[in-house]
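Numbering (my numbering), first residue to last: 4 to 99. One structure below.
Written as structure tokens, this is what we have:
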């Protein structure tokens, strides 16, 4: 991280969920560089949206979202973090 005037400069980032594989709940950590509108959603392998975890304005800094997949089948899922100008995607595995 870059330090400026004693403050750590934050970056836009999406970390790996934990635990992974998971059943039925996992945590998705992410970081925002500035206060902005954010959308964090989960998709199946076919690209169908199965959950929206965050959809609104959030402050800069570190955040975590919980995802519970009680009604979903085992398999690979993708989670996507979107802002007005950036998109990050990661993969997670649900094992029941």
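C-beta atoms are modelled at their ideal positions from N, C-alpha and C, and glycine is treated no differently. This one's a predicted model, so the numbers in the text were calculated from it and none came from an experiment.
Contact set for residue i: own chain, Cβ-Cβ below 7 Å, skip 5 residues either direction
i, result
"residue 63", "13, 35, 36, 37 and 38"
"residue 54", "44, 45 and 70"
Beta-carbon proximity list for residue i, same chain, < 6 Å, skipping 5 on both sides
i, result
"residue 32", "18 and 67"
"residue 24", "96 and 98"
"residue 85", "42"
Per DSSP, cross-strand counterpart(s) of residue i
i, result
"residue 92", "83"
Which listed residue (the options) has its alpha carbon closest to that of residue i
i, options, result
"residue 73", "21, 20 and 29", "29"
"residue 50", "88, 83 and 87", "83"
"residue 60", "81, 20 and 87", "87"
Enumerate, from N- to C-terminal direction, the unbroken beta strand (DSSP E) stretches of 3 or more residues contained entirely within the region 5 to 75.
Entirely contained in the region 5 to 75, the beta strand (DSSP E) runs reaching 3 residues are, in chain order, 28 to 35, 39 to 46, 52 to 61 and 64 to 71.
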